[in-house]
Amino acid sequence: MTNTPENANLCGLNRKDFQTTVNGKKTDLYILKNRKGYEVAVTNYGGAVEAIMVPDKDGNIANVIQGYDNINDAINSPEPFRSTLIGRFGNRIKNGQFTLNGKDYQLACNDGPNALHGGPTGFHVRVWDAKQMGPRSLALNYTSSYGEEGFTGECRITVEYTFTDQNELVIEYLATTNKKTIINLTHHAFFSLSGIANPTATIEKQLMEINADFYLPIDNTSIPTGEILKVAGTPFDFRTPKALGDEIDADDEQLKNGSGYDHNYVLNKREEGELSFAARLTEPVSGRIMEVYTTEPGVQLYTDNFGCGNKGQHGATFPRRSAVCLECQHFPDTPNRSYFPSVVLNPGEQYKQKTIYRFAVAE
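Residue numbers for the sequence shown follow the numbering used here, beginning at 572 and rising by one.
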(Lines of atoms letter the chains of each structure in order from A and count residues from 1; the text may use other names and numbers.)
(Lines give C-alpha, C1' and ligand atoms only; values in the text may rest on other atoms or scores of the structure.)
Protein backbone atom coordinates (compact mmCIF):
# COMPACT_ATOMS: atom_id res chain seq x y z
CA MET A 1 0.00 0.00 0.00
CA THR A 2 1.43 3.39 -0.98
CA ASN A 3 2.12 5.60 2.01
CA THR A 4 0.26 8.75 0.98
CA PRO A 5 -1.43 11.25 3.31
CA GLU A 6 -4.81 9.77 2.37
CA ASN A 7 -3.98 6.20 3.38
CA ALA A 8 -0.99 6.57 5.71
CA ASN A 9 -2.80 4.56 8.36
CA LEU A 10 -2.16 0.85 8.77
CA CYS A 11 -5.87 0.22 8.23
CA GLY A 12 -5.91 2.08 4.93
CA LEU A 13 -9.07 3.96 5.89
CA ASN A 14 -9.70 7.54 4.79
CA ARG A 15 -11.44 10.01 7.09
CA LYS A 16 -13.25 11.62 4.16
CA ASP A 17 -14.96 8.32 3.39
CA PHE A 18 -16.59 8.46 6.83
CA GLN A 19 -17.64 12.09 6.70
CA THR A 20 -21.27 12.82 6.08
CA THR A 21 -24.24 14.33 7.91
CA VAL A 22 -26.90 12.18 9.59
CA ASN A 23 -29.90 13.94 11.13
CA GLY A 24 -27.94 17.18 11.22
CA LYS A 25 -24.86 15.73 12.92
CA LYS A 26 -21.49 15.13 11.30
CA THR A 27 -19.86 11.70 11.21
CA ASP A 28 -16.12 11.15 11.13
CA LEU A 29 -13.37 8.56 11.63
CA TYR A 30 -10.83 8.63 14.45
CA ILE A 31 -7.53 6.71 14.48
CA LEU A 32 -6.06 5.64 17.83
CA LYS A 33 -2.38 4.70 17.56
CA ASN A 34 -0.23 3.32 20.36
CA ARG A 35 3.54 3.69 20.76
CA LYS A 36 4.10 0.35 19.03
CA GLY A 37 2.43 1.80 15.93
CA TYR A 38 -0.65 -0.42 16.01
CA GLU A 39 -4.09 1.06 15.46
CA VAL A 40 -7.77 1.13 16.29
CA ALA A 41 -10.19 3.01 14.01
CA VAL A 42 -13.51 4.24 15.40
CA THR A 43 -16.36 6.18 13.83
CA ASN A 44 -18.74 8.29 15.89
CA TYR A 45 -21.61 6.76 13.93
CA GLY A 46 -22.82 4.22 16.46
CA GLY A 47 -19.40 4.12 18.09
CA ALA A 48 -18.46 1.44 15.58
CA VAL A 49 -14.92 0.08 15.69
CA GLU A 50 -13.95 -0.32 12.04
CA ALA A 51 -10.41 -1.65 12.48
CA ILE A 52 -8.08 -3.15 15.07
CA MET A 53 -4.66 -3.58 13.48
CA VAL A 54 -2.48 -6.01 15.45
CA PRO A 55 0.26 -8.53 14.56
CA ASP A 56 0.23 -12.31 14.34
CA LYS A 57 3.03 -14.61 15.57
CA ASP A 58 5.10 -13.78 12.47
CA GLY A 59 4.60 -10.03 12.80
CA ASN A 60 2.03 -9.80 10.00
CA ILE A 61 -0.49 -7.06 10.79
CA ALA A 62 -4.17 -7.51 9.97
CA ASN A 63 -7.55 -6.10 10.92
CA VAL A 64 -9.12 -8.44 13.51
CA ILE A 65 -12.56 -6.83 13.71
CA GLN A 66 -15.29 -6.82 11.08
CA GLY A 67 -15.89 -3.32 9.78
CA TYR A 68 -16.42 -1.14 6.75
CA ASP A 69 -14.32 1.29 4.74
CA ASN A 70 -16.98 3.99 4.27
CA ILE A 71 -19.89 5.49 6.16
CA ASN A 72 -22.57 4.47 3.66
CA ASP A 73 -21.78 0.78 4.04
CA ALA A 74 -21.76 1.18 7.83
CA ILE A 75 -25.17 2.87 7.79
CA ASN A 76 -26.65 0.29 5.41
CA SER A 77 -25.09 -2.79 6.97
CA PRO A 78 -27.30 -5.91 6.76
CA GLU A 79 -25.99 -6.60 10.28
CA PRO A 80 -26.96 -3.30 11.96
CA PHE A 81 -25.07 -4.07 15.19
CA ARG A 82 -21.79 -5.03 13.55
CA SER A 83 -19.01 -3.82 15.90
CA THR A 84 -21.13 -0.97 17.33
CA LEU A 85 -22.02 0.42 20.73
CA ILE A 86 -25.28 -1.00 22.12
CA GLY A 87 -27.87 0.77 24.29
CA ARG A 88 -29.98 1.74 26.01
CA PHE A 89 -30.40 -1.96 26.81
CA GLY A 90 -28.05 -4.58 25.37
CA ASN A 91 -29.47 -8.00 24.53
CA ARG A 92 -33.14 -8.97 24.64
CA ILE A 93 -36.21 -8.02 26.66
CA LYS A 94 -39.13 -10.45 26.43
CA ASN A 95 -41.99 -9.07 24.34
CA GLY A 96 -40.35 -5.65 24.67
CA GLN A 97 -42.15 -5.22 27.98
CA PHE A 98 -41.08 -4.38 31.51
CA THR A 99 -42.48 -2.70 34.61
CA LEU A 100 -40.66 0.01 36.55
CA ASN A 101 -42.07 1.84 39.58
CA GLY A 102 -45.42 0.18 38.93
CA LYS A 103 -45.63 1.56 35.37
CA ASP A 104 -45.62 -0.68 32.31
CA TYR A 105 -43.34 0.11 29.38
CA GLN A 106 -43.52 -1.18 25.82
CA LEU A 107 -40.46 -1.14 23.58
CA ALA A 108 -40.21 -1.82 19.85
CA CYS A 109 -39.95 -5.54 19.11
CA ASN A 110 -37.17 -5.80 16.51
CA ASP A 111 -36.16 -9.44 17.04
CA GLY A 112 -39.22 -11.63 16.51
CA PRO A 113 -41.45 -11.07 19.54
CA ASN A 114 -38.69 -9.40 21.57
CA ALA A 115 -36.82 -6.11 21.90
CA LEU A 116 -33.14 -6.36 20.99
CA HIS A 117 -30.14 -4.09 21.65
CA GLY A 118 -32.07 -0.91 22.41
CA GLY A 119 -34.39 -1.10 19.41
CA PRO A 120 -34.06 -0.22 15.72
CA THR A 121 -32.95 3.35 16.49
CA GLY A 122 -30.76 2.49 19.48
CA PHE A 123 -27.28 3.80 20.21
CA HIS A 124 -25.85 1.84 17.26
CA VAL A 125 -27.36 4.29 14.76
CA ARG A 126 -26.84 7.51 16.70
CA VAL A 127 -24.16 10.06 15.86
CA TRP A 128 -22.14 10.64 19.02
CA ASP A 129 -20.28 13.83 19.89
CA ALA A 130 -16.61 12.92 19.63
CA LYS A 131 -13.45 14.38 21.12
CA GLN A 132 -10.05 12.83 20.49
CA MET A 133 -7.92 13.25 23.61
CA GLY A 134 -4.49 12.54 22.23
CA PRO A 135 -3.23 9.79 19.93
CA ARG A 136 -4.57 6.87 21.97
CA SER A 137 -7.91 7.99 23.39
CA LEU A 138 -11.34 9.02 22.12
CA ALA A 139 -14.38 10.17 24.13
CA LEU A 140 -17.89 9.82 22.74
CA ASN A 141 -20.88 11.56 24.31
CA TYR A 142 -24.58 11.13 23.70
CA THR A 143 -27.74 12.28 25.43
CA SER A 144 -30.59 9.79 25.09
CA SER A 145 -33.81 11.76 25.40
CA TYR A 146 -36.73 10.90 27.62
CA GLY A 147 -38.95 8.41 25.80
CA GLU A 148 -36.34 7.52 23.17
CA GLU A 149 -37.15 4.00 21.91
CA GLY A 150 -39.72 3.80 24.73
CA PHE A 151 -37.28 4.13 27.64
CA THR A 152 -37.96 6.46 30.56
CA GLY A 153 -35.57 9.13 31.75
CA GLU A 154 -33.04 11.32 29.96
CA CYS A 155 -29.66 9.56 30.02
CA ARG A 156 -26.28 11.19 29.49
CA ILE A 157 -23.68 8.69 28.33
CA THR A 158 -19.93 8.94 27.89
CA VAL A 159 -17.94 6.12 26.31
CA GLU A 160 -14.17 6.37 26.23
CA TYR A 161 -11.98 4.22 23.98
CA THR A 162 -8.28 3.90 24.81
CA PHE A 163 -5.71 1.83 22.90
CA THR A 164 -2.81 1.17 25.24
CA ASP A 165 0.81 0.35 24.48
CA GLN A 166 0.03 -3.20 25.62
CA ASN A 167 -2.37 -3.54 22.64
CA GLU A 168 -5.39 -3.30 24.92
CA LEU A 169 -8.62 -1.74 23.66
CA VAL A 170 -10.12 -0.35 26.85
CA ILE A 171 -13.78 0.72 26.73
CA GLU A 172 -15.13 2.67 29.71
CA TYR A 173 -18.78 3.62 30.05
CA LEU A 174 -20.37 6.25 32.30
CA ALA A 175 -24.05 7.20 32.43
CA THR A 176 -26.42 9.30 34.54
CA THR A 177 -30.18 9.82 34.41
CA ASN A 178 -32.68 12.42 35.58
CA LYS A 179 -35.38 9.80 36.24
CA LYS A 180 -35.33 6.17 37.33
CA THR A 181 -34.61 4.00 34.31
CA ILE A 182 -32.94 0.80 33.13
CA ILE A 183 -29.60 0.63 31.37
CA ASN A 184 -27.34 -2.12 30.05
CA LEU A 185 -24.53 -0.95 27.78
CA THR A 186 -22.14 -3.10 25.78
CA HIS A 187 -20.11 -3.22 22.58
CA HIS A 188 -21.04 -5.69 19.85
CA ALA A 189 -17.58 -6.18 18.36
CA PHE A 190 -17.37 -8.94 15.73
CA PHE A 191 -13.86 -10.31 16.24
CA SER A 192 -12.11 -12.24 13.47
CA LEU A 193 -8.69 -13.03 14.93
CA SER A 194 -7.45 -14.64 11.72
CA GLY A 195 -7.82 -11.23 10.07
CA ILE A 196 -10.67 -10.17 7.81
CA ALA A 197 -10.33 -11.49 4.26
CA ASN A 198 -12.30 -12.62 1.21
CA PRO A 199 -13.71 -14.82 2.59
CA THR A 200 -12.99 -14.25 6.27
CA ALA A 201 -12.08 -17.58 7.88
CA THR A 202 -14.67 -19.27 10.05
CA ILE A 203 -14.16 -19.60 13.80
CA GLU A 204 -14.75 -23.33 14.42
CA LYS A 205 -11.05 -24.06 15.14
CA GLN A 206 -10.54 -21.11 17.44
CA LEU A 207 -10.03 -22.03 21.09
CA MET A 208 -12.46 -20.49 23.57
CA GLU A 209 -12.08 -20.19 27.32
CA ILE A 210 -14.75 -18.55 29.52
CA ASN A 211 -14.39 -17.97 33.26
CA ALA A 212 -17.91 -19.10 34.14
CA ASP A 213 -19.36 -22.08 36.01
CA PHE A 214 -22.93 -21.17 35.04
CA TYR A 215 -24.85 -19.96 31.98
CA LEU A 216 -28.41 -18.89 31.16
CA PRO A 217 -30.41 -21.30 28.99
CA ILE A 218 -32.81 -19.72 26.49
CA ASP A 219 -36.16 -20.51 24.90
CA ASN A 220 -36.71 -20.74 21.15
CA THR A 221 -36.94 -16.93 20.91
CA SER A 222 -33.56 -16.52 22.68
CA ILE A 223 -35.08 -15.24 25.93
CA PRO A 224 -33.60 -16.67 29.17
CA THR A 225 -35.86 -19.31 30.71
CA GLY A 226 -34.99 -17.94 34.14
CA GLU A 227 -32.84 -20.90 35.07
CA ILE A 228 -29.16 -20.55 35.95
CA LEU A 229 -27.51 -23.83 35.00
CA LYS A 230 -24.07 -25.35 35.49
CA VAL A 231 -21.94 -25.56 32.35
CA ALA A 232 -20.42 -28.85 33.57
CA GLY A 233 -21.29 -31.77 31.32
CA THR A 234 -22.75 -29.54 28.57
CA PRO A 235 -21.47 -28.06 25.28
CA PHE A 236 -21.34 -24.73 27.16
CA ASP A 237 -18.38 -25.72 29.32
CA PHE A 238 -15.43 -23.54 28.29
CA ARG A 239 -13.73 -23.49 31.70
CA THR A 240 -10.76 -25.07 29.97
CA PRO A 241 -9.99 -24.09 26.36
CA LYS A 242 -11.67 -26.02 23.57
CA ALA A 243 -12.42 -25.38 19.91
CA LEU A 244 -15.67 -23.54 19.27
CA GLY A 245 -16.53 -26.02 16.54
CA ASP A 246 -16.19 -29.10 18.75
CA GLU A 247 -19.83 -29.05 19.84
CA ILE A 248 -21.38 -26.04 18.11
CA ASP A 249 -23.63 -28.28 15.99
CA ALA A 250 -24.28 -30.89 18.69
CA ASP A 251 -27.74 -32.41 19.08
CA ASP A 252 -28.55 -30.04 21.94
CA GLU A 253 -31.76 -28.10 22.43
CA GLN A 254 -29.93 -25.01 23.67
CA LEU A 255 -27.63 -24.88 20.65
CA LYS A 256 -30.63 -25.34 18.38
CA ASN A 257 -32.44 -22.47 20.13
CA GLY A 258 -29.46 -20.19 19.47
CA SER A 259 -28.50 -21.66 16.07
CA GLY A 260 -25.12 -22.10 17.76
CA TYR A 261 -23.74 -20.23 20.73
CA ASP A 262 -25.79 -17.14 21.58
CA HIS A 263 -25.91 -17.39 25.36
CA ASN A 264 -25.07 -15.34 28.41
CA TYR A 265 -22.46 -16.66 30.81
CA VAL A 266 -22.51 -15.85 34.53
CA LEU A 267 -18.92 -14.80 35.14
CA ASN A 268 -17.10 -16.05 38.21
CA LYS A 269 -16.59 -13.02 40.49
CA ARG A 270 -15.23 -12.65 44.00
CA GLU A 271 -17.11 -9.40 44.42
CA GLU A 272 -19.64 -7.39 42.44
CA GLY A 273 -18.13 -4.95 39.95
CA GLU A 274 -14.54 -6.18 40.15
CA LEU A 275 -12.45 -5.97 37.01
CA SER A 276 -11.57 -9.61 36.36
CA PHE A 277 -10.75 -12.15 33.68
CA ALA A 278 -13.78 -13.12 31.58
CA ALA A 279 -12.61 -14.97 28.48
CA ARG A 280 -9.71 -15.87 26.21
CA LEU A 281 -9.92 -16.56 22.49
CA THR A 282 -6.99 -18.13 20.62
CA GLU A 283 -6.66 -18.37 16.84
CA PRO A 284 -4.25 -21.30 16.29
CA VAL A 285 -3.02 -20.51 12.77
CA SER A 286 -2.08 -16.86 13.33
CA GLY A 287 -1.25 -17.37 16.98
CA ARG A 288 -3.31 -14.32 17.92
CA ILE A 289 -4.86 -14.29 21.38
CA MET A 290 -7.56 -11.99 22.75
CA GLU A 291 -8.18 -11.81 26.48
CA VAL A 292 -11.28 -10.12 27.88
CA TYR A 293 -11.52 -8.46 31.30
CA THR A 294 -14.67 -6.76 32.58
CA THR A 295 -16.48 -5.31 35.58
CA GLU A 296 -19.76 -6.71 34.23
CA PRO A 297 -21.46 -9.81 35.72
CA GLY A 298 -22.03 -11.50 32.36
CA VAL A 299 -20.68 -12.01 28.88
CA GLN A 300 -22.72 -13.02 25.85
CA LEU A 301 -20.94 -15.49 23.59
CA TYR A 302 -22.27 -15.16 20.04
CA THR A 303 -20.75 -17.14 17.19
CA ASP A 304 -22.13 -15.07 14.29
CA ASN A 305 -24.79 -17.68 13.58
CA PHE A 306 -26.69 -15.44 11.18
CA GLY A 307 -23.82 -14.04 9.12
CA CYS A 308 -24.84 -13.56 5.51
CA GLY A 309 -21.53 -13.27 3.65
CA ASN A 310 -21.93 -9.57 2.98
CA LYS A 311 -19.00 -7.40 1.93
CA GLY A 312 -17.00 -5.32 4.35
CA GLN A 313 -13.79 -3.37 4.43
CA HIS A 314 -11.46 -3.50 1.41
CA GLY A 315 -13.45 -6.28 -0.31
CA ALA A 316 -13.51 -8.62 2.70
CA THR A 317 -16.57 -10.83 3.01
CA PHE A 318 -18.16 -12.02 6.24
CA PRO A 319 -19.64 -15.53 5.93
CA ARG A 320 -21.69 -17.22 8.64
CA ARG A 321 -19.63 -17.98 11.75
CA SER A 322 -16.67 -15.87 10.67
CA ALA A 323 -16.64 -13.86 13.91
CA VAL A 324 -16.89 -14.27 17.66
CA CYS A 325 -18.70 -11.70 19.80
CA LEU A 326 -17.96 -11.45 23.53
CA GLU A 327 -20.42 -8.82 24.74
CA CYS A 328 -19.75 -7.88 28.37
CA GLN A 329 -23.03 -6.87 29.98
CA HIS A 330 -25.74 -7.49 32.53
CA PHE A 331 -28.03 -10.41 31.84
CA PRO A 332 -30.70 -10.41 29.09
CA ASP A 333 -34.31 -9.82 30.18
CA THR A 334 -33.12 -8.63 33.58
CA PRO A 335 -36.02 -6.15 33.98
CA ASN A 336 -38.33 -9.18 34.14
CA ARG A 337 -36.10 -11.25 36.48
CA SER A 338 -35.78 -9.61 39.88
CA TYR A 339 -33.09 -12.06 41.02
CA PHE A 340 -30.71 -11.14 38.17
CA PRO A 341 -28.18 -8.36 38.99
CA SER A 342 -30.09 -5.08 38.80
CA VAL A 343 -30.03 -2.82 35.73
CA VAL A 344 -31.93 0.03 37.43
CA LEU A 345 -30.25 3.44 37.42
CA ASN A 346 -31.56 6.14 39.75
CA PRO A 347 -31.04 9.90 39.63
CA GLY A 348 -27.89 10.82 41.52
CA GLU A 349 -26.25 7.48 40.73
CA GLN A 350 -23.61 6.72 38.13
CA TYR A 351 -23.61 3.73 35.82
CA LYS A 352 -20.02 2.61 35.33
CA GLN A 353 -18.53 -0.21 33.30
CA LYS A 354 -15.05 -1.10 32.11
CA THR A 355 -14.15 -3.77 29.58
CA ILE A 356 -10.70 -4.56 28.21
CA TYR A 357 -9.89 -6.50 25.04
CA ARG A 358 -6.18 -7.38 25.20
CA PHE A 359 -4.44 -8.64 22.05
CA ALA A 360 -1.29 -10.76 22.13
CA VAL A 361 0.34 -13.69 20.35
CA ALA A 362 1.03 -17.23 21.53
CA GLU A 363 4.54 -17.78 22.85
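For every residue, glycine included, the Cβ atom is placed at its ideal position computed from N, Cα and C.
{"Query": "Enumerate, from N- to C-terminal direction, the unbroken alpha helix (DSSP H) stretches of 4 or more residues contained entirely within the segment 764-824.", "Result": "none"}
{"Query": "Using only alpha-carbon positions, find the residue among G804, I664 and R653 that is nearest to A760.", "Result": "R653"}
{"Query": "Candidates T792, E798, I794 and D833: which alpha carbon is nearest P806's?", "Result": "D833"}
{"Query": "In chain order, which beta strand (DSSP E) runs of at least 3 residues are fully inside the segment 863-917?", "Result": "869-873 and 896-900"}
{"Query": "When you compare only the Cα positions, how much space is there between F589 and Q884?", "Result": "12 Å"}
{"Query": "May I ask you to report which of helix, strand or coil DSSP gives L826?", "Result": "helix"}
{"Query": "Looking only at its chain, what residues have a beta carbon closer than 7 Å to the beta carbon of P626, apart from the 5 residues adjacent to it on each side?", "Result": "I632 and V932"}
{"Query": "Cβ-heavy atom distance between Y786 and the ligand NAD below 6 Å?", "Result": "The ligand NAD is not part of the structure shown, which contains no ligands of any sort."}
{"Query": "Start and end of the alpha helix (DSSP H) containing D644?", "Result": "I642 to I646"}
{"Query": "Between the alpha carbons of G816 and S715, how many angstroms are there, rounded?", "Result": "39 Å"}
{"Query": "Assuming V863 contacts Y928 under a Cβ cut-off of 8 Å, what Cβ separation, rounded to an integer in Å, is found between them?", "Result": "6 Å"}
{"Query": "Quick one: what's F669 bridged to in DSSP?", "Result": "Y676"}
{"Query": "Return the Cβ separation of T796 and Q900 in integer angstroms, given the expectation that the two are a contact with Cβ distance under 8 Å.", "Result": "No, T796 and Q900 are not in contact; Cβ-Cβ is about 18 Å, not under 8 Å."}
{"Query": "In or out: G595 buried (at least 16 other Cβ within 10 Å) or exposed?", "Result": "exposed"}
{"Query": "Grab the span of the beta strand (DSSP E) containing A619 for me, first residue to last.", "Result": "Run containing A619: none; DSSP gives neither H nor E here."}
{"Query": "Looking at C-alpha atoms only, which residue of D675, A619 and E934 is the closest neighbour of I742?", "Result": "A619"}
{"Query": "Report yes or no: is there a C-beta of chain D within less than 7 Å of the C-beta of N881?", "Result": "This model lacks chain D altogether; it includes just one protein chain."}
{"Query": "Do V593 and V730 count as a contact pair if the criterion is CB distance below 7 Å?", "Result": "no"}
{"Query": "Shortest alpha-carbon distance to N769 belongs to which of D629, E920, T748 and N881?", "Result": "N881"}
{"Query": "Near N634, what residues of its chain come up, given a Cβ to Cβ distance below 7 Å and the 5 sequence neighbours on each side ignored?", "Result": "C582, A622, I623, M624, G766, I767 and Q884"}
{"Query": "Check the C-beta distance from F762 over to A894 and give it rounded, since I have them as a contact under 8 Å.", "Result": "6 Å"}
{"Query": "Grouping DSSP H, G and I as helix and E and B as strand, with all else coil, what is F589?", "Result": "helix"}
{"Query": "Should Q677 go down as buried or exposed, given a rule of 16 or more other Cβ atoms within 10 Å for buried?", "Result": "exposed"}
{"Query": "Please state whether DSSP places V741 in a helix, a strand or coil.", "Result": "strand"}
{"Query": "Are V696 and G638 close, meaning C-beta to C-beta below 7 Å?", "Result": "no"}
{"Query": "Have a look at T723 and I753 and give me their C-alpha separation to the nearest angstrom.", "Result": "8 Å"}
{"Query": "For D784 and K587, what's the separation of their Cα atoms in angstroms?", "Result": "47 Å"}
{"Query": "Excluding five sequence neighbours on each side, which residues of the same chain lie with their C-beta closer than 6 Å to the C-beta of I781?", "Result": "F809, Y836 and A850"}
{"Query": "Cα separation between N876 and P651?", "Result": "15 Å"}
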